[in-house]
Amino acid sequence: MRKVIVIGGGAAGMMAAYAASLNGAKVTLLEKNEKTGRKIYITGKGRCNLTNNCEPEDFFNNVVSNSKFLFSAYYGYDTNMVQYLFEENGCPLKIERGNRVFPSSDHSYDVIDTLNRILKKNDVEIKLNTFVTSVEKGKVYTNKGVFSADSVIIATGGISYQSTGSTGDGYKWAKDLGHTVKEPKAALVPFEVCEDDILSLQGLSLKNVSLKLTENSKNIYEGFGEMLFTHFGISGPLVLSASSYYGIRHKDTECICSVDLKPALSVKMLDERILKDFSENQNKAFKNSLDKLLPQKMIPVIIKRAQIEENKKVNEITKEERQRLVALLKNFKMTIKNVRPLSEAIITQGGVNVKEINPSTMESKVCEGIYFAGEIIDVDALTGGYNLQIAWSTGYLAGLSASN
Numbered sequence: 005m006r007k008v009i010v011i012g013g014g015a016a017g018m019m020a021a022y023a024a025s026l027n028g029a030k031v032t033l034l035e036k037n038e039k040t041g042r043k044i045y046i047t048g049k050g051r052c053n054l055t056n057n058c059e060p061e062d063f064f065n066n067v068v069s070n071s072k073f074l075f076s077a078y079y080g081y082d083t084n085m086v087q088y089l090f091e092e093n094g095c096p097l098k099i100e101r102g103n104r105v106f107p108s109s110d111h112s113y114d115v116i117d118t119l120n121r122i123l124k125k126n127d128v129e130i131k132l133n134t135f136v137t138s139v140e141k142g143k144v145y146t147n148k149g150v151f152s153a154d155s156v157i158i159a160t161g162g163i164s165y166q167s168t169g170s171t172g173d174g175y176k177w178a179k180d181l182g183h184t185v186k187e188p189k190a191a192l193v194p195f196e197v198c199e200d201d202i203l204s205l206q207g208l209s210l211k212n213v214s215l216k217l218t219e220n221s222k223n224i225y226e227g228f229g230e231m232l233f234t235h236f237g238i239s240g241p242l243v244l245s246a247s248s249y250y251g252i253r254h255k256d257t258e259c260i261c262s263v264d265l266k267p268a269l270s271v272k273m274l275d276e277r278i279l280k281d282f283s284e285n286q287n288k289a290f291k292n293s294l295d296k297l298l299p300q301k302m303i304p305v306i307i308k309r310a311q312i313e314e315n316k317k318v319n320e321i322t323k324e325e326r327q328r329l330v331a332l333l334k335n336f337k338m339t340i341k342n343v344r345p346l347s348e349a350i351i352t353q354g355g356v357n358v359k360e361i362n363p364s365t366m367e368s369k370v371c372e373g374i375y376f377a378g379e380i381i382d383v384d385a386l387t388g389g390y391n392l393q394i395a396w397s398t399g400y401l402a403g404l405s406a407s408n
């Protein structure tokens, strides 16, 4: 009977332990925390968006870094297989907007509980409060002694949400084993912006807007959805997705975020809409004519940026001023100062170099018998359940391979 040690009791580690147990291996899961699934517990605001019910093409289109590396892993254990596993083991699921899959209960605990029950049923030995100090081929050194095995799977996550135990230990062990590690960066993280007027919009949420990120007039990212203004800049699903492309493509030159506040209207249609509003409010001051067009909180910022005197009568506004307003609403610009700290990132971008891992097995090309799974690898995706799907897919493949 082969012995497999899995380091890390998160999504990838628990799935790897399950897959290895299917092959009849003796599996030991080492977790530094007092319980498994600490990061799963907080994902999706505590609801756990555990995968995305999408076609394979859509999955790969939402992977930001090294999507081709994931072909074998994903096709070996795709979203349908993940959903089947949970539903067959007593965790009913539901599909929401954007094909996001959640437990029907809206409680991430049910996902963790299901995994723990599966592992117990398959005789996986879970050792909690076990701190790994170093890893060698066939040996894992911990605060509770040395564990020996035929294969070791490192699934310790990245360095986001460090309170859950993702403190980057796995990167050190990978380097010690001879691997190169791409510098870990924050991904799916809010932006800080330079413009002070944005800070006055704190708490304002915008829906159905389009966002474009450009650097030296070259598009880095385009998307449509929701965003939120904060005390430091901007956040929300649209911004978090943009941040992943900012991290992978940004070259330390000025980066501009442009928001189309009225993407459903062409320039001509928006101009006609404003003309209609103006005709209904022609004797009002300009500042009192935008209520139907914009959220109240945004009106002072738009007025200042449009450089139109706020008390000017609507019927006195010139065509040039109106065109300035239209242009501003179609291209509301902010200069990106930085991303927020890693402590606020949902995932980590970077990690163990995929060229040094066999994509068909997740085994190290550098050190035989060592496998990697999940966020420790240099792969990441956008929000919507894709990152957890990466964890399930790579974990499953690593577990099967390590137990053969």
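Mapping of the sequence shown onto this note's numbering: residues 5 to 408, in sequence order. From the three backbone atoms N, C-alpha and C, an ideal C-beta is built for every residue, glycine too. Computed from a predicted structure; not experimentally measured.
Checklist entry - Can you give the Cα-Cα distance for K7 and P363, rounded to whole angstroms? => result 22 Å
Next on the checklist: For G149 and S138, I'd like the C-alpha separation in whole angstroms.
Outcome noted: 11 Å
Next on the checklist: If contacts are defined as beta-carbon pairs under 8 Å, then A289 and V193 qualify, I think. What distance do you get, rounded to the angstrom?
Outcome noted: Between V193 and A289 the Cβ distance is about 40 Å, and since that is not below 8 Å, they are no contact.
Next on the checklist: I believe G48 touches S112 by the beta-carbon criterion, under 8 Å. Please report the beta-carbon distance rounded to the nearest angstrom.
Outcome noted: 7 Å
Checklist entry - Taking the Cβ atom as the reference point for each residue, do N120 and T40 lie within a distance shorter than 8 Å? => result yes
Checklist entry - Considering only residues of the same chain and omitting the five flanking positions on each side of A23, which have a CB-CB separation below 6 Å? => result Y400, G403, L404
Item to check | N- and C-terminal bounds of the alpha helix (DSSP H) containing I307 | outcome: 303 to 310
Item to check | Start and end residues, beta strand (DSSP E) containing E196 | outcome: 195 to 197
Next on the checklist: Using the three-state DSSP reduction, which class does T322 fall into: helix, strand or coil?
Outcome noted: coil
Checklist entry - Exposed or buried, which one is M5 when buried takes at least 16 other CB atoms within 10 Å? => result exposed
Item to check | Distance CB(T160)-CB(Q393) smaller than 8 Å | outcome: no
Checklist entry - Could you give the uninterrupted runs of the alpha helix (DSSP H) lying entirely in the stretch 238 to 288, keeping only those of 4 residues or more? => result 241 to 253, 271 to 284
Next on the checklist: Could you compute how far the alpha carbon of L269 sits from the alpha carbon of L346?
Outcome noted: 37 Å
Checklist entry - Is the beta carbon of S247 less than 8 Å from the beta carbon of K337? => result no
Checklist entry - Where does the unbroken alpha helix (DSSP H) through K43 begin, and where does it stop? => result 42 to 46
Item to check | Inter-stretch contact at 8 Å, needing at least 3 Cβ pairs: the stretch 17 to 36 / the stretch 96 to 109 | outcome: no
Checklist entry - Expressed to the nearest angstrom, what Euclidean distance is found between the alpha-carbon atoms of D256 and L279? => result 41 Å
Next on the checklist: Check this for me: beta carbons of V68 and F90, under 8 Å apart or not?
Outcome noted: no
Next on the checklist: Within a Cβ cutoff of 6 Å, which residues of the same chain sit near F228, ignoring the five residues on either side of it in sequence?
Outcome noted: S214
Checklist entry - Cβ of V128 within 8 Å of Cβ of I9? => result no
Item to check | Touch test, the stretch 187 to 203 against the stretch 316 to 328, Cβ-Cβ under 8 Å, three pairs minimum | outcome: no
Next on the checklist: Could you give the first and the last residue of the continuous alpha helix (DSSP H) run that contains V115?
Outcome noted: 112 to 125
Item to check | Whether K207 touches F233 by CB criterion (8 Å) | outcome: What sits at residue 207 in the sequence shown is Gly, not Lys. Going by C-beta atoms, G207 is nearer than 8 Å to F233.
Checklist entry - Helix or strand or just coil, what does DSSP make of G174? => result helix
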